[in-house]
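Below you'll find the structure, written out as structure tokens, and then a few comments.
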Amino acid sequence: MRAPTRVVDRHGFHTLIDARSPAEFAIDHIPGAINCPVLDDAQRVIVGTLYKQQGAFEARRVGGAMVAENLARHLRGQFAEQPANWKPLVYCWRGGLRSGSMVTWLRLVGWDAQQLAGGYKSWRRYVIDTLEAQCPTLPLRVLVGATGSAKTRVLQALAAQGHQVLDLEGLAVHKGSILGAVPGQAQPSQTAFETGIAHVLENLDPARPLYVEGESRKIGRLTLPTPLLLRLRASPCIEIRATPAARLDYLLRDYAYLGDAPQLLADKLGYLKDLHGKQVIARWQAWALEGNLPALFAELMALHYDPHYGRSQSNNFSAWTARQSLETQDLTPAGVDALAQAVVGLQNAT
Numbered sequence: 001m002r003a004p005t006r007v008v009d010r011h012g013f014h015t016l017i018d019a020r021s022p023a024e025f026a027i028d029h030i031p032g033a034i035n036c037p038v039l040d041d042a043q044r045v046i047v048g049t050l051y052k053q054q055g056a057f058e059a060r061r062v063g064g065a066m067v068a069e070n071l072a073r074h075l076r077g078q079f080a081e082q083p084a085n086w087k088p089l090v091y092c093w094r095g096g097l098r099s100g101s102m103v104t105w106l107r108l109v110g111w112d113a114q115q116l117a118g119g120y121k122s123w124r125r126y127v128i129d130t131l132e133a134q135c136p137t138l139p140l141r142v143l144v145g146a147t148g149s150a151k152t153r154v155l156q157a158l159a160a161q162g163h164q165v166l167d168l169e170g171l172a173v174h175k176g177s178i179l180g181a182v183p184g185q186a187q188p189s190q191t192a193f194e195t196g197i198a199h200v201l202e203n204l205d206p207a208r209p210l211y212v213e214g215e216s217r218k219i220g221r222l223t224l225p226t227p228l229l230l231r232l233r234a235s236p237c238i239e240i241r242a243t244p245a246a247r248l249d250y251l252l253r254d255y256a257y258l259g260d261a262p263q264l265l266a267d268k269l270g271y272l273k274d275l276h277g278k279q280v281i282a283r284w285q286a287w288a289l290e291g292n293l294p295a296l297f298a299e300l301m302a303l304h305y306d307p308h309y310g311r312s313q314s315n316n317f318s319a320w321t322a323r324q325s326l327e328t329q330d331l332t333p334a335g336v337d338a339l340a341q342a343v344v345g346l347q348n349a350t
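Start counting the sequence shown at 1; every next residue gets the next number (full-length UniProt numbering).
The structure is reproduced here in structure tokens:
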């Protein structure tokens with residue numbers, strides 16, 4: 001009898017199939033999986049209602065017909081061109097009826113299909129275990145700097161140069177500030193965010209530095225996993241010290257899209273009223289509605305972001321006083337590339 005297929009065995013298969021509904025898949029799924037539901041969202045509700053109201057037999061009778069129709073569609077569609085030696089791994093929520101029914105039919109065709117033991121729930125446990133086991137020893141190098149220091153762009157440049165990077169804001173689809181929402185893109189679920197982090201850690205070389213941006217506990221509405229946050233706060237810091245002029249120029253380029261939605265920008269600034277008072281916020285909102293981003297961003301830097309920067313960094317990062325610093329007047333793409341090289345140079349010099 002073949003041993004159960006575990007999460008760590010998944011790379012030995014040609015295709016990873018998520019048999020859950022599209023809504024479940026959208027919340028979170030194993031990286032690389034394709035969604036081939038045996039019940040779609042509406043069908044899952046129908047079957048669940050039948051189970052509650054009429055019992056398991058009626059739910060399985062109606063659901064079985066739906067499953068058969070969906071499997072037939074997959075066999076005629078996504079699976080139609082698969083060769084005889086195709087080896088797929090299938091999972092559902094718990095590794096039960098949904099993935100089991102698909103595996104049965106794929107095996108009847110002649111493919112060596114297997115079912116992931118424990119389904120998605122086993123993947124979720126794997127993610128939690130990975131974060132708890134790996135985070136305490138991660139070789140982090142934490143990029144810090146005042147707002148507008150292009151830390152995320154430096155991370156991206158480091159990745160392009162072949163270095164290990166954990167882009168938390170990229171995974172969170174948020175820039176981390178009150179104005180950090182990415183236009184037209186929703187943040188992922190908390191579980192999908194953690195899946196993205198675990199996926200990066202899976203492929204990590206622990207002998208090489210892992211560069212990451214210094215973050216607070218929350219990025220938008222998402223929360224950093226506690227083991228990662230603790231390691232982040234205890235790791236060596238590299239501070240980017242850009243001139244105010246360079247930072248303002250960068251912010252105007254990086255947040256230029258805010259000028260396309262002046263009312264939305266003004267509304268977001270309203271959330272800062274308790275910190276800065278009605279008069280200041282009224283001025284900022286007027287600039288937002290006028291499209292005067294240079295004046296607005298200059299005062300946001302001077303009055304909102306910069307005054308508490310040093311204190312917040314020293315409170316959040318235990319290695320703050322021992323940080324290494326890089327000064328720059330250039331945050332253009334060429335300047336960012338040079339900063340990335342200088343960051344690596346600091347590591348090589350130690």
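Heads up, the beta-carbon is just placed ideally off N, CA and C, and yes, glycines get one too. Only a predicted model underlies this, so the values are computations on that prediction, with no experimental measurement involved.
Residues near residue i in its chain [Cβ-Cβ closer than 7 Å; skip 5 each side]
i    : result
H74  : C36
W284 : L269, L296, E299
R221 : Q187
T147 : S177, M301, Y305
Y126 : V7
R233 : N316, F317, S318
Contact belief for residue i with residue j at Cβ below 8 Å, rounded distance in angstroms
i    : j    : result
V38  : V67  : 5 Å
Y120 : W93  : 5 Å
A117 : R6   : 6 Å
I34  : A192 : Incorrect: roughly 16 Å between the Cβ atoms, too far for contact.
Y211 : L143 : 6 Å
V154 : I240 : 7 Å
I238 : L346 : 6 Å
L326 : A342 : 5 Å
V200 : L252 : Not quite, the Cβ-Cβ distance comes to about 31 Å (not below 8 Å), so this is no contact.
Same chain, Cβ closer than 8 Å to residue i, five either side skipped, listed in chain order
i    : result
A295 : W287
Q185 : V173
Q190 : L222, T223
Q78  : I34, C36
K218 : L224
Cutoff 6 Å; reference residue i; Cβ partners in own chain excluding five residues on either side
i           : result
residue 352 : No answer is possible for residue 352: the residues shown for the chain start at 1 and end at 350.
G32         : L16
D112        : K87
residue 370 : With the chain covering only 1 through 350, there is no way to say anything about residue 370.
A242        : S149, T328, L331
S122        : V7
Enclosing alpha helix (DSSP H) for residue i [first to last residue]
i    : result
I17  : Premise fails: I17 lies in the beta strand (DSSP E), 15 to 18, not in any alpha helix (DSSP H).
I197 : 190 to 202
D267 : 262 to 269
Q156 : 151 to 160
A256 : That residue, A256, is in no alpha helix (DSSP H); it is neither H nor E in DSSP.
T226 : 226 to 234
Host beta strand (DSSP E) of residue i (start-end)
i           : result
A212        : The question names Ala, but residue 212 in the sequence shown is Val. Run containing V212: 210 to 213, per the beta strand (DSSP E) assignment.
residue 410 : Since the displayed the chain opens at 1 and closes at 350, residue 410 lies outside it and no answer follows.
L143        : 140 to 144
R326        : Reading the sequence as shown, one finds Leu at residue 326 and not Arg. Segment 324 to 328, the beta strand (DSSP E) holding L326.
A242        : 237 to 242
Chain D contact for residue i (CB, 7 Å cutoff)
i    : result
A340 : Absence of chain D from the displayed structure is noted, only one protein chain being present.
With contact counted as at least three CB pairs below 8 Å, one residue from each stretch, are the stretch 8 to 28 and the stretch 40 to 53 in contact?
-> yes
Every unbroken beta strand (DSSP E) within the stretch 277 to 310, with a cutoff of 3 residues, ordered by chain = none
Mind listing, in chain order, the continuous beta strand (DSSP E) runs of no fewer than 3 residues lying wholly within the UniProt domain "Rhodanese" (10 to 132)?
-> 15 to 18, 88 to 91
Inter-stretch contact (C-beta, 8 Å, three-pair minimum) for the stretch 300 to 312 and the stretch 270 to 279 | yes
Is there contact between the stretch 96 to 105 and the stretch 7 to 16, where contact requires at least three CB pairs shorter than 8 Å?
-> no
Please determine if the stretch 334 to 342 and the stretch 171 to 188 are in contact, where contact requires at least 3 C-beta pairs separated by less than 8 Å.
-> no
Take every Cβ of the stretch 132 to 147, pair it with every Cβ of the stretch 216 to 234, and state whether three or more of those distances are shorter than 8 Å.
-> yes
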